[in-house]
Amino acid sequence: MSTVTLYSVANGLIVAILTGLYSVLPHAYFGWLVNPDLILVLSVLVFGAILLAASMINTIMLIWYERKLLGRFMDRRGAMHVGYAGLLQNFADGIKLFRKNTYKPRDADGLGFYAAPTAYMVTSVMIFAILPASWGWTAGPLPLSLLLALVVFSFAPLFIFLSAWSQANKYSLIGGMRSAAQMIAYEVPILLAVVAVVIVSGTFDLTTIVTMQTNYWFGIPLFVALIVFVTGMLAEMERIPFDLPEAEAELVEGWNTEYGGMLFAFFMLSDYLRALIGSFLVVLLFLGGWTMPGWVPSSLTALPLAALFWFLLKTYIVFGVFVWVRASLPRVRTDQLLRIGWMRMVPLSLLAIVLAALLVLAKCLPVLGCLPGVGG
Amino acid sequence: MATEETAVRSGKTELPLLWVAKPLATAARQFGRSLVRPSTIVYPFERLEDPKFRTEVHVASGKPIGVGAVWDNYRGVHALNLETCISCNLCAFSCPDICIEMVTVPGGDPKHPKKCPQIDYGKCSYCGFCSDACPEGCLTMTTRYELSVTKRSEMVYSPERLYGVYKEKLPMNPIRLERPKNEDSILLDAPLCIGCNACARDCPTNCITMLDIPKAAPKPGEKPAKRIWKEPVVNDSDCVRCGTCISVCPKECLFWGTHP
Chain A
676 MSTVTLYSVA NGLIVAILTG LYSVLPHAYF GWLVNPDLIL VLSVLVFGAI LLAASMINTI
736 MLIWYERKLL GRFMDRRGAM HVGYAGLLQN FADGIKLFRK NTYKPRDADG LGFYAAPTAY
796 MVTSVMIFAI LPASWGWTAG PLPLSLLLAL VVFSFAPLFI FLSAWSQANK YSLIGGMRSA
856 AQMIAYEVPI LLAVVAVVIV SGTFDLTTIV TMQTNYWFGI PLFVALIVFV TGMLAEMERI
916 PFDLPEAEAE LVEGWNTEYG GMLFAFFMLS DYLRALIGSF LVVLLFLGGW TMPGWVPSSL
976 TALPLAALFW FLLKTYIVFG VFVWVRASLP RVRTDQLLRI GWMRMVPLSL LAIVLAALLV
1036 LAKCLPVLGC LPGVGG
Chain B
355 MATEETAVRS GKTELPLLWV AKPLATAARQ FGRSLVRPST IVYPFERLED PKFRTEVHVA
415 SGKPIGVGAV WDNYRGVHAL NLETCISCNL CAFSCPDICI EMVTVPGGDP KHPKKCPQID
475 YGKCSYCGFC SDACPEGCLT MTTRYELSVT KRSEMVYSPE RLYGVYKEKL PMNPIRLERP
535 KNEDSILLDA PLCIGCNACA RDCPTNCITM LDIPKAAPKP GEKPAKRIWK EPVVNDSDCV
595 RCGTCISVCP KECLFWGTHP
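Going down the list, the protein sequences come from chains A and B.
Just so we're aligned: the first sequence equals residues 676 to 1051 in our numbering.
Just so we're aligned: the second sequence equals residues 355 to 614 in our numbering.
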């Protein structure tokens, strides 16, 4: 366990800056500058800025990662010219979108049109402050962080529908309705799958859940819940095969048809932010979070950011699985989507809950431990 | 569900799980194959005509894909051998797009400037008629296919530039056909000829000589003509059948025909 936390990084940065300023400025400002309250406020601000920048850069890198990976799945190369292996391609795209003009359709409702992308983005970024990424890399000790994250995560259909409604466009409206139906349908199995994890771990605190997975991953005894959660996350992220709300072949661009320029970039970024959050949640809940397996040498685990690196590695592998699914499967129909959601995923998640309850009752966690002759 | 109906129709009964598992396996197989090298050819840095791609690049099926050759009868940029060009104009005559203009190049004598084709690739349709028509085989087409430019004026290739293409020794298009041996010769309708020398002057190969001809015997009652009558005589072995003489003849007394 390392002592470097995100807050300590922000705090150190602020202290360093203020000390530097103190050496330049006259002595009269000393008391005003080196003030614990000021340091606290600035540290919190820098903390937020670092979190925002990290999540944004991570998201843009995630888009690059998906493009490269999807290219290989399709026997091609993906972005490769801007920067090394196309690493800066998405930054270039972002700059292009930033320079574009944003047009509001004449009949569109201004408030909803402009507020919805912002709110969608803000709620997506907010979750990053809740999710822990490593020891101490979180906003603070939140006993109900899992619940809070899921609640904020499920705000999305509201804003999507708000933007779809205010665009005054039939494609947007259909896309928004599909999105709302899909997200609400898949909230249920996701929450039920999370209940299985909560039954096993007995807590809503993500840090504690990860700590409990030091010796074994919850994904192994709760494999059914893992499958349900991943499928539900695919639908929540509106990724292929569940990308009905953005079905390009039918709905132009789905619920963000009328958006261009930076507002479109907001939606695009938020989609990938949510994909990143989904991967985070899968890793945190089922794949052991930032805990490292025993075979990793302690010289590596003692490195300051080893846990964070390990966590991001797992996240990117999980996102690679999402890309793999995207590269393989065709888009489902609406009725198939809802049928899979209500008739397959909900029973499966209930089964997962029953399994989790039985495991807890039999005091059989980890599973291998209660088999004779296996484990300890 | 449509998938169920399809499965029934095709006579296969598959587990629904396979509908997900099979595509995943296919995609994973493809991913593994293309991890080493996707079949994309990184064009500006790698060439399709590079022979190694004929065997090395594979697609999902695992078989080599049929890339690699630019056939030598590909009709790309022209190559012009300035040294053998005889300024016969035939390329410009035959061009259906009127993209060939004969421009003066240094090297001719002052009286008869040497004119060679300048090609505007903005108009050219790569039909190959010009290299078909070229009697000397000095205007041919190469396998070069890269013509992108940043200015429209760069699309016009001067004769010197075409000569530069020639000097690169690119694979040439053997599209120029051999002329048949029994092709028509230039014949003269002697009574119409006024001996104006235009044909001999413009002949690119100098195969026309104006020879004195015996004066026609004056008819009774007429004075004998005072002029020295000359008539073109075409050296058939040197003639390239460009037709320049026919087109410049003011009296239309030259024509295509077979020697009796």
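Beta carbons: idealized from backbone N, C-alpha and C, even for Gly.
Note that the structure is predicted; figures quoted are calculated from it, not measured.
{"query": "Interface flag, residue 419(B) vs chain A, CB-CB below 8 Å", "result": "Confidence in residue 419(B) is poor, its pLDDT being 45 and thus under 50, which makes the residue's placement unreliable; the coordinate value appears in the next sentence. Answer no: the Cβ-Cβ gap between residue 419(B) and chain A never drops below 8 Å."}
{"query": "Alpha-carbon to alpha-carbon, residue 518(B) and residue 565(B)", "result": "41 Å"}
{"query": "Exposure label - residue 885(A); buried when at least 16 CB within 10 Å", "result": "buried"}
{"query": "Other residues of its chain near residue 543(B): CB distance less than 6 Å, five sequence neighbours each side excluded", "result": "607"}
{"query": "N- and C-terminal bounds of the alpha helix (DSSP H) containing residue 948(A)", "result": "936 to 961"}
{"query": "Bridge partners - residue 611(B), DSSP secondary structure assignment", "result": "539(B)"}
{"query": "Cutoff 8 Å: residue 385(B) Cβ touching any chain A Cβ", "result": "yes"}
{"query": "The ligand FAD heavy atom lying under 7 Å from the CB of residue 968(A)", "result": "This structure lacks the ligand FAD; in fact it carries no ligand of any kind."}
{"query": "Proximal chain B residues relative to residue 752(A), where beta-carbon distance stays under 8 Å", "result": "392, 394, 396"}
{"query": "Buried versus exposed, by CB contacts within 10 Å (16 or more), residue 968(A)", "result": "exposed"}
{"query": "In DSSP terms, what residue 510(B) is bridged to", "result": "474(B)"}
{"query": "Alpha-carbon to alpha-carbon, residue 1015(A) and residue 915(A)", "result": "14 Å"}
{"query": "Rounded straight-line distance, which links the Cα of residue 395(B) to that of residue 864(A)", "result": "45 Å"}
{"query": "Beta-carbon neighbours of residue 747(A), restricted to chain B and to distances below 7 Å", "result": "385, 388, 389, 392"}
{"query": "Whole-angstrom distance between residue 513(B) and residue 458(B), CA atom to CA atom", "result": "9 Å"}
{"query": "Test item: CB-CB of residue 839(A) and residue 930(A) under 8 Å", "result": "yes"}
{"query": "Exposure label - residue 558(B); buried when at least 16 CB within 10 Å", "result": "buried"}
{"query": "is_contact[residue 372(B), chain A] using C-beta, thresh 8 Å", "result": "no"}
{"query": "Length-filtered (3 minimum) beta strand (DSSP E) runs lying within the region 543 to 603 of chain B", "result": "562 to 566, 584 to 588"}
{"query": "For residue 908(A), the first and last residue of its enclosing beta strand (DSSP E)", "result": "Per DSSP, residue 908(A) belongs to no beta strand (DSSP E); it is in the alpha helix (DSSP H), 898 to 911."}
{"query": "Cut-off 8 Å between Cβ atoms - residues of its own chain near residue 417(B), not counting five sequence neighbours on either side", "result": "The pLDDT assigned to residue 417(B) is 48, lower than 50, so where the model puts this residue is not dependable; a value taken from the coordinates is nonetheless given after this. If we look at residue 417(B) and ignore the five residues flanking it on each side, it has no Cβ neighbours."}
{"query": "Identity of the residues DSSP links to residue 494(B) by a beta bridge", "result": "433(B)"}
{"query": "Reduced DSSP category for residue 462(B) - H, G, I as helix; E, B as strand; rest coil", "result": "strand"}
{"query": "Alpha carbon of residue 958(A) to alpha carbon of residue 994(A), nearest angstrom", "result": "10 Å"}
{"query": "Supposed contact pair residue 932(A) and residue 857(A) - C-beta distance, whole angstroms, cut 8 Å", "result": "So it is not a contact: roughly 17 Å between Cβ atoms."}
{"query": "Residue 463(B) burial status per 10 Å Cβ neighbour count (16 or more: buried)", "result": "exposed"}
{"query": "For residue 851(A), three-class secondary structure by DSSP", "result": "helix"}
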